[in-house]
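A.B. asks: Residue numbers (the working numbering): 1205 to 1351.
No residue lacks a Cβ here, since even glycine has one placed at the ideal position from N, Cα and C.
1. Decide if the segment 1298-1306 is in contact with the segment 1315-1323; the criterion is three or more beta carbon pairs, one per stretch, under 8 angstroms apart.
2. I think residue 1231 touches residue 1252, with their Cβ atoms under 8 angstroms apart; what is that distance to the nearest whole Å?
3. What does the alpha-carbon distance come out to for the pair residue 1335 and residue 1281?
4. Please classify residue 1296 as buried or exposed, where buried requires at least 16 neighbouring CB atoms within 10 angstroms.
5. Quick one: is residue 1327 buried, meaning 16 or more other Cβ sit within 10 Å of its Cβ, or exposed?
6. Below 8 angstroms on the Cβ atoms is my guess for residue 1244 versus residue 1266; work out the distance and round it to an integer in Å.
7. Rounded to whole angstroms, what is the Cα-Cα separation between residue 1233 and residue 1331?
8. Less than 8 angstroms between the CB atoms is what I'm expecting for residue 1264 and residue 1250, so what's the real figure, rounded?
9. Closest by CA to residue 1268, which one among 1213, 1343, 1344, 1350?
10. Could you have a look at residue 1333 and say whether DSSP puts it in helix, strand or coil?
11. Pull up the distance between the alpha-carbon of residue 1339 and that of residue 1209, whole angstroms please.
12. Could you give the first and the last residue of the continuous alpha helix (DSSP H) run that contains residue 1154?
13. Which of the three DSSP states, helix, strand or coil, is assigned to residue 1243?
14. Please say whether residue 1228 and residue 1221 have beta carbons closer to each other than 8 angstroms?
Given below as structure tokens:
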């Protein structure tokens, strides 16, 4: 009997404010309920405090990079414009990973060209994200305004 392993999603997101946590929890709910995927969410796996030791910092960095290297898809929450999240997206693109951006607060605002062109898919609402996973159609192009 052949056992198919689940694909790995790496969830890149800020989680440093109540608004960030509310958003990531809603996205995690969608991702954690996917039967064909396993999700690695750094906020649930790695806890760093501001005065973490060098050993803990190295562990966090190395675990994040290892999971980025091993993932099949990166879901990247751009709301909050967190520099670490954007670093993860750039690293993932450089490694040839598929990136699905979740940008709930984009509205009619322009999207960054580097993110738009590196996107495998873009979701602007939790409903759209759910639908993309339900249908298996994670691939779409951004056709809105660019900055």
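C.D. replies: Let's see:
1. yes
2. Not confirmed; about 21 angstroms, so no contact.
3. 17 angstroms
4. buried
5. In this structure residue 1327 is buried. Its beta-carbon is surrounded by 16 or more other beta-carbon atoms within 10 angstroms.
6. About 13 angstroms; that fails the 8 angstroms criterion.
7. 12 angstroms
8. 5 angstroms
9. Minimum Cα-Cα distance from residue 1268 among the listed residues 1213, 1343, 1344, 1350 corresponds to 1213.
10. helix
11. 20 angstroms
12. Here the chain covers residues 1205 to 1351 and nothing more, so residue 1154 does not appear.
13. strand
14. no
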